[in-house]
Each structure stands twice: as C-alpha cells, then as structure tokens.
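Chains A and B are the protein sequences, given in the same order.
For what it's worth, our numbering labels the leading residue of the first sequence as 895, then goes sequentially.
For what it's worth, our numbering labels the leading residue of the second sequence as 895, then goes sequentially.
Ideal placement from N, C-alpha and C gives every residue a C-beta, glycine not left out.
There are 2 protein chains.
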Amino acid sequence: MPLPPGFVDDLAAALGDEFVITEPERLATYDCDGLTGWRAQPACVVLPGSGVEVQAVLRLCERDGVPFVARGAGTGLSGGALPVADGIVVSVARLNRILEVDVESERVVVQPGVANLDVTRAVAAHGYFYAPDPSSQQVCTIGGNLAENSGGAHCLKHGFTVNHVTGAKVVLPDGELLELGGASIDGDDGPDLLGVIVGSEGTLGIAVEVTLRIVRVPEAVVTQLAAFTSVDAAGDAVSRIVAAGILPSAMEIMDRFTIQAAEEAYHPGYPDGASAVLLVELDGVLAQVEDDTAAVDGICRDAGAFEIRTATGAEERALLWKGRKGAFAAMGRVSPDYYVQDGVVPRTKLPDVLRRIEELSDEHGLRVGNVFHAGDGNLHPLVLYDAAVDGQVERAKTLADEILAACVDAGGSLTGEHGIGVDKACAMPSMFSERDLEVFERVRRAFDPDGIANPGKVIPTPRLCGEVPGPYRAHPLERLGLAERF
Amino acid sequence: MPLPPGFVDDLAAALGDEFVITEPERLATYDCDGLTGWRAQPACVVLPGSGVEVQAVLRLCERDGVPFVARGAGTGLSGGALPVADGIVVSVARLNRILEVDVESERVVVQPGVANLDVTRAVAAHGYFYAPDPSSQQVCTIGGNLAENSGGAHCLKHGFTVNHVTGAKVVLPDGELLELGGASIDGDDGPDLLGVIVGSEGTLGIAVEVTLRIVRVPEAVVTQLAAFTSVDAAGDAVSRIVAAGILPSAMEIMDRFTIQAAEEAYHPGYPDGASAVLLVELDGVLAQVEDDTAAVDGICRDAGAFEIRTATGAEERALLWKGRKGAFAAMGRVSPDYYVQDGVVPRTKLPDVLRRIEELSDEHGLRVGNVFHAGDGNLHPLVLYDAAVDGQVERAKTLADEILAACVDAGGSLTGEHGIGVDKACAMPSMFSERDLEVFERVRRAFDPDGIANPGKVIPTPRLCGEVPGPYRAHPLERLGLAERF
Chain A
895 MPLPPGFVDD LAAALGDEFV ITEPERLATY DCDGLTGWRA QPACVVLPGS
945 GVEVQAVLRL CERDGVPFVA RGAGTGLSGG ALPVADGIVV SVARLNRILE
995 VDVESERVVV QPGVANLDVT RAVAAHGYFY APDPSSQQVC TIGGNLAENS
1045 GGAHCLKHGF TVNHVTGAKV VLPDGELLEL GGASIDGDDG PDLLGVIVGS
1095 EGTLGIAVEV TLRIVRVPEA VVTQLAAFTS VDAAGDAVSR IVAAGILPSA
1145 MEIMDRFTIQ AAEEAYHPGY PDGASAVLLV ELDGVLAQVE DDTAAVDGIC
1195 RDAGAFEIRT ATGAEERALL WKGRKGAFAA MGRVSPDYYV QDGVVPRTKL
1245 PDVLRRIEEL SDEHGLRVGN VFHAGDGNLH PLVLYDAAVD GQVERAKTLA
1295 DEILAACVDA GGSLTGEHGI GVDKACAMPS MFSERDLEVF ERVRRAFDPD
1345 GIANPGKVIP TPRLCGEVPG PYRAHPLERL GLAERF
Chain B
895 MPLPPGFVDD LAAALGDEFV ITEPERLATY DCDGLTGWRA QPACVVLPGS
945 GVEVQAVLRL CERDGVPFVA RGAGTGLSGG ALPVADGIVV SVARLNRILE
995 VDVESERVVV QPGVANLDVT RAVAAHGYFY APDPSSQQVC TIGGNLAENS
1045 GGAHCLKHGF TVNHVTGAKV VLPDGELLEL GGASIDGDDG PDLLGVIVGS
1095 EGTLGIAVEV TLRIVRVPEA VVTQLAAFTS VDAAGDAVSR IVAAGILPSA
1145 MEIMDRFTIQ AAEEAYHPGY PDGASAVLLV ELDGVLAQVE DDTAAVDGIC
1195 RDAGAFEIRT ATGAEERALL WKGRKGAFAA MGRVSPDYYV QDGVVPRTKL
1245 PDVLRRIEEL SDEHGLRVGN VFHAGDGNLH PLVLYDAAVD GQVERAKTLA
1295 DEILAACVDA GGSLTGEHGI GVDKACAMPS MFSERDLEVF ERVRRAFDPD
1345 GIANPGKVIP TPRLCGEVPG PYRAHPLERL GLAERF
C-alpha cells in the first residue's frame, strides 16, 4: 500500500530532504526492533529535528490517515517499534539534547532521543544518577523507556520509569501538543494522563520533551553473590531477606544452565557446583548498608548458601555482575537462537512457576535458561531453539506462550518491563476481559480517534492470533487495512 | 428536578428499603463534604452492601440517565462529594470489610469504606503499616483516598495513594466491572488505567475492592523540632537537608501565627520567640536514623535554629506533632471561619511564594496562617475570615484564588493532595490549555459516555466560574442540566 500522493513531498518540505528516507536499502535498518522474529518495511522513515517538526509530521499523518510508529533506539523486545508497511516510522534519533539540568530541584529535562545512560552522565559530577537501568541503557532512549515504562535490575528499590517521569510534552496523533506535569514534586491536578502515557507503547502520541527526577548517588554500595545448590533455596533466601525488612536495590537469580553459559563465555569465576546464584545489591547510608550486608550474609547461610562473596569496590562489583549482565549474550554461544520471555509472578509463587517451566521445557524438548529479578517476581526465561531445525520456531513460541500462561495462572502478569507490543497482544485476553479491552480501546481512541498511532500493537487483532514468527518473517499486520488493525 | 418515576422503587428492590434514603432530614447529612461553603441536597442516598449492589445501582443510573456521586467519609476538602440535586449519592459506608491480609506478599485487599487507619490496625501486629496518612485518617476511607490520590505528612518519603494501590475492582458508570492490577508487584500490561483511576475524583466509576501495598514498620523513628526566627531560615534548613542527601519521612513548617494559635489551643510548649517551627521525622534502620538525626541537628543549627528538640519515644514524638496535627482545628479558636488552600510550588520557590502570600494577605486585610509539607513544596495556607462580616466571604475566596495563582505562576500546581473537585475546577484553565482539558474530557467520556459520574467536578463549567460560596449556600450546579454540567 503506497503512501498518498504528495505525502512524502510534504514531509520533505517540512523536515528537509535529508531527513526523509524512502530508499529500500536504508529503510531495511528500521524493519524490526529487538524482537527480530517479525519484520515489516515501512513506506518511509522521518527524522524530525524538533518538537515542532514532530507536530508537522503528525499533522500530515492525520490529514492523510497515514499510520505512524515512533522509534527510539529500536532495542525494545516486544515489537513495539515494528513498522507498518503502509505507514511511516518517526525516529527520535535527532532529538538527543539534554535541555536542562536543575540539580537543586533534582530534575533534568531531555529530548526523547537522549540515551538512558547519558542522563546519568550529565548529572554524575553533581553526585546524582538516573535510576531506571534497563540492560540496554547504553543505547536505549528516554523516549523508548517512557513508551515501555522500562525497568531494570535496580527497579526493585528505585522504581520504574513511571516513578521517575514528572512531566512530558507529548504530540498527539493530530499534531497538537499536550503538556503534562512539570517542575513540582507533588501535584494532583486533573486525571493522571502522565501515568497513562508512560507505558502506552507509542499508541497515544510521541513525547518530545521529558522531565525526569534524578536521585542522589548513595554513600555506599555493596554487591553480594551467594551460591546455592538449588533455585528453591536461592528463592527462599530472597523471601527471608524481604521478611527481614531489608530492601536491596537488586536481587537477581540465575539458574545452573545460565551460570554455566555465562561462566564459559566470560569466566567470572562463579562457584563450582552452584545450581543457583543469587546476586544482592545493597545501597544507602554506609552504616545501614553494613548492617544489611551482615544480615543478608546470615540469611543466605541459613537458607543453605555454600559460598558467599562480598564486593564493595566498583571493579569488584562489576566482576560479580559480569555474568548476569552478559547472560543473554552468552546464550548466543550455546544456541543459534533464543527468545526472551518476560513474565511476572507473585514472589511467593516463584518455586511453583519455576517447576512448571521445567516441566514445559521437558515436554517440548527445548532448553530454558532462567534469569530473574527475584525481588519483584519478574522472570526472564530464555527459550533456546534453532530456527534452522524444522518446527523449532513453532515449538519455541508455544513453549514461551505456555510459560506466560503459567505466570498469569499463578496470579502474575504478562510483562514486567518489556511491554506487550505485537508479541503479547494475543495473550491480553488471558489477563483482561473483553470489557477491560474495550475500555482500553476507548481510552486509546480518546487520544487517537483515527487509529493511526502504532496500530496493531497492545490490543489484540484476533485474526492474527495463532500466527507464528520466524527469522525474517513479514508480520501479518501488513495484510490488514488500518481499520482492522486498530 | 425529581428522579424518574419508579427509580427509587427499583433502587429499594435492589438494595432493600432501609438502604435507600429519601427523607429530607436524613438527606441533610449528605449535603456537603469537608468543603462546607457549598451545599446541595441529593434526591436520594443509597448504601449498597456489596460490589454487586453497586453494579445494580449504577445500571439503574445508566438506564435512566441519573447522575451519581460516590461518597466515602465525606472528609474531602475540594467538594468532590458535593451532591447534585437531581442525582443520587452512593455511600460506601457499608462496604467496610477487610477482605484479605497477606503479609507474606505485603498486600491487603479491602472494601472502599474501610477507614484509612483501620488498614494499619489490621496489619500492625505483623509489624506493618499502611503509609499514606491524610490528617483525617481516623475516619477517611480508602475509597475516598483512592478517588483523591490522598497524601499526608509522611508522603515525602513513603509516597501517595497512587504508589500504594496495586489493584482495584471498579464499577464503571454503566454498571460493568473493570478489574485492574492484582497480586504482583511488577506489571506492565496494557494502559495504566489504575493510574488514571487513582485521583479521578469519582468521575470514572466507583471502586468496590482495592488491593493495597503495606510497608514494614521501620526499626527506628525520630522526630526533631527546630525553632527559627524566620520562615526563610526554616526553608533554608529544608533545602540543606535535601542537598545533604537525607530523605526524612516528613518535613513540616508552621509559621508564627499558626504556632501561636496551636500553642494557645494545646500548649505543646513551642519555643518562645519562634517565627517558624520545622518538624523533621526520620525513619529507617537504627544506625541510619542516628546518623541522619545528628546530621539534621547540625544542618538546622547552621541554618540558624535557636532551639532543637529530639524525641524518640512514641509519646514524646506525639507531643511534638500535637501542635501540627491540631493546627487547623486550633484556627477555630482564633477565627469564626477559615478556608484551607492547597497548592504546590517547586521547593526552591517557597520563599518567593511565601512573601507573595504575605503581600496578598495585607492587600485583602485578611490573616493567613501557613502550615506546609515543606519537603515536597505542598502549601496549606489557612485564610481566616468571618462570614458574618459583609464581603469577607468574597474577599477570602479572592485571596485564596490569588494564592493559588501565585503557586501556578511559580511553576507549581493547583493541588497537592486535596483534589480539584468543585473548588478549583474554575482554576484548571490557569494550568491547562483548552486542548489539554479537551483530552481530559475525552478520556473521561471513554469511561462515562453519558456524563453521569460526578458531573460538574474537576473540569470547569465556565458559566459557574466567578460564583462565590458562602455558609450554607446552594451550589449553582443545581441550576444547570446534566449536559451543561459535564
């Protein structure tokens, strides 16, 4: 489906020729995000250089009914930035300026294309940091973080993106600007639209300016690694730490399979014979961190840890984290393909769900590595498969879906931090009634009456459910018209 | 405007006669909330006994186009529970059961009529508490707290209601049930409707079941009182405490006028000659609280405090808090009437705004006492007046409006914790563009297409702006039809 006549010319007039991409070989860069199983080439990619230019682009989209998909760094894992073939991609790559650093008010104002870690870099000299830390934080953007309500290992204590965005200027699908929140910490005016926009996965508009809360770098940080002979024992330690009233900034568990893969890849020196490794990070005032470190040590020993290492310096800590941070990449050495699932379960249900994952893994004959944010019950099972082997893509997808169903059955939810996107839209009815989905859609229509903002994402398109992704497979959204997609 | 024929009978058939009130002398109880300047007698009050009964009531309202106003304990200060004369009040007073206490998962499930403090009472034996603590917490309900996104003195560290509600079952204006959130800590599925519903002031539906996060009682709590010779010096101490990276659970300032009124009423023994009193509360692990207490002591002395008292035991601490907690009531001894304003300013702008409040007070010849949550810049100026003196009601309202305008001008916002209600609806355009308000209204319509849920609140009704409240004054909403009100 080609774009309407004159549309690209109007974009070029608004932005300048060099910022409107239509050559197929350049468009290929944008054909998927971190969910590489599905692809779709957009009709056009634009790179606006200001909020006003984003408004101009969306006004043209509204005028001609052209769908648009916003894109940060393209690191999302649920296909939120997957293009639609008859639409455009609006990249925020050029909107990468830090507009204001106000340390006294503990606020930073940034454009949406600023990389997550660059916010911390801009304030580090003042003793501050930006807390949400998705693993892709070197490159992923604040705009993408806002769209996905991104988390990270340290969100257990420090909260998610939604807890750190205090204001945003958002261009709505008709090109008008909505200003929400601002300088003050407090504020209870009107509906909390900022809360709906954070995590809306690009379906309500495009943020062009974001105000973020920054946090003081803690006086002391300690990382502890405890080795256990079972994942259950590590999980038990986590429960006891929580019950003791300790709030670590991170609690991460890796299972034996993941430990081995990480050890082979990076040689972080994980203890021999460990069937589970628990990483606990404590931060805060020195005296408190010291107390908590001793308490966590004792709790882990009581729960059966056979080895505990404690690191206080930055380099030593980095070594303990190395295997965890590289765990996904290490899977690339073990398996040609893998699929990262993202589900949440109540912490008390972790052992049950892990056993269920093991059963499912056996049933489908595919290995599953487990890495998880244990403190908040956010699982990241890694389903390993080989797309070259007939039927494995389908089996991997089925296995991953069944793992997600097990999370929901246990009273959990479909995603902790990766979003719904196209990947999990078809699972939404397992968690929400038809009625709930209808209300979601009505709220979405309140922002986007024409259904041009990232259509086909989040809310399921029943006709497509059951389709299976594959390497370089074109996404079936391409086969539907705009009305059916929304 | 009478109710449609048969409507009251249908209500009685659904709930039982005794839970449908139509006698004028009993209806009088419900003619206002904590904003007593405006009154309106509803046509009927219902007291449903279950979520299913709330559904039945709202189905009837939708069938006949009858507006409804939800009511908790009626302690709200912005008129959110002000009835509409041709509508009904849905009281949640009978929905007062705690349904589940799950200490391991740190969750409590309650009905909306449970009093705030009763949640803490239900979990105190396990070493937990419910953190948001509005001053009315003895009686105000969780349903009302959810509607208003209530705060309290300790929200500086512990967060607002929105940070503690993890799930809710909400009856929508057509009587259908919407289930949001649930057991898990994390969760990133679909639009964050829970975030929109918390703080929606009864305009989107009625919560019939609420899941709350509970928090461990800290190991140590210390309250410090520091006396200063000026409010500026006390404000300076607050800035320095924040800059030192200390996060107290509360930081409250009272000005000289309020101190005197509290001293005369309760004799808490505030230091002689204090022009400002700063209360700082620290909680957490003992070692950290001790460190912070010493640091706050030093900072306050550096900032010019001439006397500092430190209390660790519960009784001693209660004595220091006594004057603050009773400050509003103490005004009743000094002035026949007072109006509590609620505005927010960036913390760095506090001194400027306080000076402006002093000027405005002189200009209008009315006294203003200042009590504020200094840590998060939430002001509560108390405008004193005498309704019996001709013109004072109007002057008090004008003065309060001008104080609010000064907050907005300083980059703040219209309300920190009391909500918009009817009281501040007309000030919304000072903070939001016409376009912003239109989006708010569209979101509201997504939940409430007929405009029957608490009409006339939050979004301004231009024809009514400029009308002035008075003692026992009927609210002008009465004079408008439903369509114009929404």
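Per the DSSP calculation, residue i is bridged to which residue(s)?
i: B/E1201; result: B/A1121
i: A/W932; result: A/R1367
i: B/K1063; result: B/E1073 and B/E1103
i: A/T1035; result: A/A1009
i: A/E994; result: A/V1003
i: A/V963; result: A/V983
i: A/H1274; result: A/V1265
i: B/S1030; result: Answer is none; B/S1030 lacks a bridge partner.
i: A/A1170; result: A/F1122 and A/D1149
i: A/E1175; result: A/T1117 and A/A1144
i: A/G1237; result: A/L1273
i: B/V940; result: B/V914 and B/V984
i: A/Y1279; result: A/D1231
Given a cut-off of 8 Å, decide if residue j and residue i are closer than it, judged by their beta-carbon atoms.
i: B/G1139; j: B/T1105; result: no
i: B/G970; j: B/V1316; result: no
i: B/F1151; j: B/G1263; result: yes
i: B/L945; j: B/E1184; result: Per the sequence shown, residue 945 of chain B should be read as Gly rather than Leu. Contact flag unset, no.
i: B/M1213; j: B/L1260; result: In the sequence on display, residue 1213 of chain B carries Leu and not Met. Taking 8 Å as the Cβ cut-off, B/L1213 and B/L1260 do not qualify as a contacting pair.
i: B/P1363; j: B/G931; result: yes
i: B/A1340; j: A/V1287; result: no
i: B/P961; j: B/P1356; result: no
i: A/E1158; j: A/R1203; result: no
i: B/H1048; j: B/A1144; result: yes
i: B/A1041; j: B/S985; result: no
i: B/M1225; j: B/A1155; result: yes
By Cβ distance below 7 Å, which residues in the same chain neighbour residue i in space, the five residues on each side in sequence not counted?
i: B/P1142; result: L1050, K1051, I1135, V1174, E1175, L1176 and G1269
i: B/E947; result: A908 and L909
i: B/P899; result: none
i: A/G1053; result: A1025
i: B/D1080; result: Bear in mind that a pLDDT of 46 at B/D1080, under 50, signals an unreliable position, so the number given afterwards is only what the model happens to contain. Contacts found: none.
i: B/K1219; result: S1029
Using a Cβ-Cβ cut-off of 6 Å (strictly less than) and excluding sequence neighbours within five positions of residue i, which residues of its own chain qualify?
i: A/L1273; result: G1237 and F1266
i: B/A1128; result: F1122, I1147, A1170 and L1172
i: A/A1300; result: V1247 and R1250
i: B/E1073; result: K1063
i: A/L1087; result: L1074
i: A/D1392; result: Given that chain A is displayed from residue 895 to residue 1380, the structure contains no residue 1392 of chain A and the question cannot be resolved.
i: B/L1374; result: none
i: B/S1078; result: Low local confidence applies: a pLDDT of 43 at B/S1078 is under 50, so the model's placement there is unreliable, with the coordinate-based value given in what follows. No residues qualify anywhere along the chain.
i: B/A1304; result: V1239, K1243 and V1247
i: B/P1165; result: A1121 and E1201
Within the same chain, show all residues whose beta-carbon is closer than 8 Å to that of residue i, passing over the 5 residues directly before and after it, in chain order.
i: A/V997; result: V1017, H1020, Y1022 and I1108
i: A/L905; result: V914, C938, V940, V951, L954 and I982
Would residue i count as contacting chain C if we go by Cβ distances under 8 Å?
i: B/V1333; result: The structure shown contains no chain C; its protein chains are A and B.
On the three-pair Cβ rule with 8 Å, is the region 1229 to 1246 of chain A touching the region 1307 to 1319 of chain A?
-> The region 1229 to 1246 of chain A, when compared against the region 1307 to 1319 of chain A, does touch it at the 8 Å Cβ threshold.
Quick check: the region 1355 to 1372 of chain B against the region 1108 to 1126 of chain A, are there 3 or more CB pairs under 8 Å?
-> The region 1355 to 1372 of chain B makes no contact with the region 1108 to 1126 of chain A; the number of CB pairs closer than 8 Å stays below 3.
Chain-ordered residues of the region 1232 to 1255 of chain A with a beta carbon less than 9 Å from chain B | Answer in chain order: D1236, V1238, V1239, P1240, R1241, T1242 and K1243.
Mind checking the region 1124 to 1146 of chain B against chain A and listing, in chain order, the residues whose C-beta falls within less than 7 Å of any C-beta there?
-> Listed in sequence order: G1139.
Is it true that the region 1052 to 1069 of chain A meets the region 936 to 956 of chain A, where meeting means three or more beta-carbon pairs spaced less than 8 Å apart?
-> Touching, per the Cβ criterion.
For the region 1341 to 1353 of chain B, enumerate the residues whose C-beta is nearer than 9 Å to any C-beta of chain A, in chain order.
-> Listed in sequence order: F1341, P1343, V1352 and I1353.
Using Cβ-Cβ distances below 7 Å, what residues of the region 974 to 1004 of chain A are close to chain B?
-> Residues E998 and S999.
Against chain B: residues of the region 1179 to 1192 of chain A by CB proximity under 7 Å = Those would be V1179, A1181, Q1182 and D1185, in chain order.
Stretch pair the region 908 to 924 of chain B + the region 935 to 942 of chain B: three plus CB contacts closer than 8 Å = With the cut-off at 8 Å, the region 908 to 924 of chain B and the region 935 to 942 of chain B touch.
Using a beta-carbon distance cut-off of less than 9 Å, what residues from the region 1202 to 1213 of chain A approach chain B?
-> The region 1202 to 1213 of chain A vs chain B, Cβ under 9 Å: nothing.
Determine which residues of the region 920 to 949 of chain A have a Cβ less than 7 Å from any Cβ of chain B, and write them out in chain order.
-> Within the region 920 to 949 of chain A, no residue qualifies.
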